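Novice: Mind looking over this structure? Questions follow.
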Amino acid sequence: MSALDRALDSLIAGRWILTTTDTDDGRTLIVAHRPVGWTGPGDPYELLTAADHRQMWGLLTRHGEAP
Numbered sequence: 342m343s344a345l346d347r348a349l350d351s352l353i354a355g356r357w358i359l360t361t362t363d364t365d366d367g368r369t370l371i372v373a374h375r376p377v378g379w380t381g382p383g384d385p386y387e388l389l390t391a392a393d394h395r396q397m398w399g400l401l402t403r404h405g406e407a408p
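Mapping of the sequence shown onto the numbering used here: position 19 corresponds to residue 360, and the numbering continues sequentially without gaps.
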């Protein structure tokens, strides 16, 4: 399974939730966070933040989490 496949699998399986947030300077950031009540591996309060979708895919594929 490739890194991209693992990232997609994590999203589909609900291990990450993608959303957006607006910054004070008017930019929009892509944010990945764990679902409420997360008890799986890793920090349940972990946030991944990226300026665009390409950067977010990079973060998710390099995260190193095995599904």
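Built from N, CA and C at the ideal position, the CB exists for glycine as well.
Please read all numbers here as calculations on a predicted model, not as lab measurements.
For Leu345 and His394, what's the separation of their Cα atoms in angstroms?
Specialist: Whole-angstrom Cα-Cα distance: 13 Å.
Novice: Quick check on the DSSP output: the beta strand (DSSP E) that includes Thr361 runs from which residue to which?
Specialist: Note, Thr361: beta strand (DSSP E), 358–363.
Novice: Could you please give me the residues that DSSP links to Ile371 through a beta bridge?
Specialist: For Ile371, which the question treats as bridged, DSSP gives the partners Thr361, Ala391.
Novice: From the DSSP output, in three-state form, read off Gly399 for me.
Specialist: Here Gly399 sits in helix by DSSP.
Novice: Would you please state the rounded distance, in angstroms, between the beta carbons of Arg375 and Pro385? I believe it to be under 8 Å.
Specialist: The pair is a contact, with the Cβ atoms about 5 Å apart (cut-off 8 Å).
Novice: Should Ser351 be labelled buried (16 or more other beta-carbon atoms within 10 Å of its own) or exposed?
Specialist: So Ser351 ends up on the buried side.
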